[in-house]
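S.K.: Per numbering that gives the first Met the number 0, the sequence shown starts with residue 0, numbered consecutively. The structure's right below; bear with me while I get my questions together.
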Amino acid sequence: MELDPDSLGARDMYEWMITTILPRPIAWVSTVSPEGHTNLAPFSFFQAVCARPPTLLFCPANDRHGRPKDTLRNVEATGEFVVNLVSFALAEPMNATSASLPHGESEFERFQVMSAPALKVRPPRVAAAPVSFECRLDRIIHLGEGPIAGHIVIGRIIHFHVQDAVLAADGKPDPRKLDLIGRAGRNDYVRLGELFRLERPE
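Laid out in structure tokens, this is it:
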């Protein structure tokens, strides 16, 4: 089978990408508006960028009407956000926060997600998240306009929160204890299964 992206509509192209690029880690992003309203939403177009400086990115898309999501608007306005990682135990509340709420209504309050204060940024973190990254905005790259158009949000990590319970004997996180989930296509998710090890060549 061969596909020309130019022959597909935006929704079809999205479906092809999410059913082929997987598993995708989930950034559960908390932000706050200039007026002080908190927001929490998951994004599976998410990845690390580099370690020096410690940098990550996530990609919020416009809604089906072509409007930017509250997450993007808040980051543009404040320059701060927190990326919370999602364990299996948090799958249900994470999924609930993907709902479209009226502008200014907090997913933390609506879906009773417990928050905790961040140390260096205004947005709160998810208290039960195994790892949270406090981030300061580096830049936003706008890739298009209209429905489902994407934006790349690049953030500098300025503080880590790591639950002691997920640490291994060497002091670093144990992937089995993190028990993170990821997105697949359609409504499917993945959970960490069998691990295997390969030694990197010199």
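Where is the CB? At the ideal position from N, CA and C, for every residue including glycine.
1. With a 10 Å radius around its C-beta and 16 neighbouring C-beta atoms as the bar for buried, classify E1 as buried or exposed.
2. Report the partner residues of G45 according to the DSSP bridge assignment.
3. So, under 8 Å CB-CB, L71 and P59 are touching, yes? Tell me the CB distance rounded to an integer number of Å.
4. Ends of the beta strand (DSSP E) at A26?
5. Kindly indicate the opening and closing residues of the alpha helix (DSSP H) around D69.
6. Under the assumption that V189 contacts P22 (Cβ atoms under 8 Å), give the Cβ distance between them as a whole number of angstroms.
7. Which partner residues does H160 have in the DSSP bridge list?
8. Pairing CB atoms from the stretch 89-103 with CB atoms from the stretch 145-156, are three or more of them under 8 Å?
9. Taking 7 Å as the threshold (C-beta atoms), are T30 and N61 in contact?
10. What are the boundary residues of the beta strand (DSSP E) that includes H190?
M.R.: In brief:
1. Per the 10 Å Cβ criterion, exposed.
2. Residue identity differs from the one stated: residue 45 is Phe in this sequence, not Gly. F45 is bridged to F57.
3. Rounded, the Cβ-Cβ distance is 5 Å, consistent with contact.
4. Bounds of the beta strand (DSSP E) holding A26 are 26-31.
5. For D69, the uninterrupted alpha helix (DSSP H) segment begins and ends at 69-77.
6. Correct: roughly 4 Å between the Cβ atoms.
7. Per DSSP, S131.
8. No: the two stretches stay apart, fewer than three of their Cβ pairs being nearer than 8 Å.
9. Taking 7 Å as the cut-off, the Cβ atoms of N61 and T30 do not count as close.
10. Checking the sequence shown, residue 190 turns out to be Arg, not His. Counted as a single uninterrupted DSSP element, the beta strand (DSSP E) harbouring R190 occupies residues 188-190.
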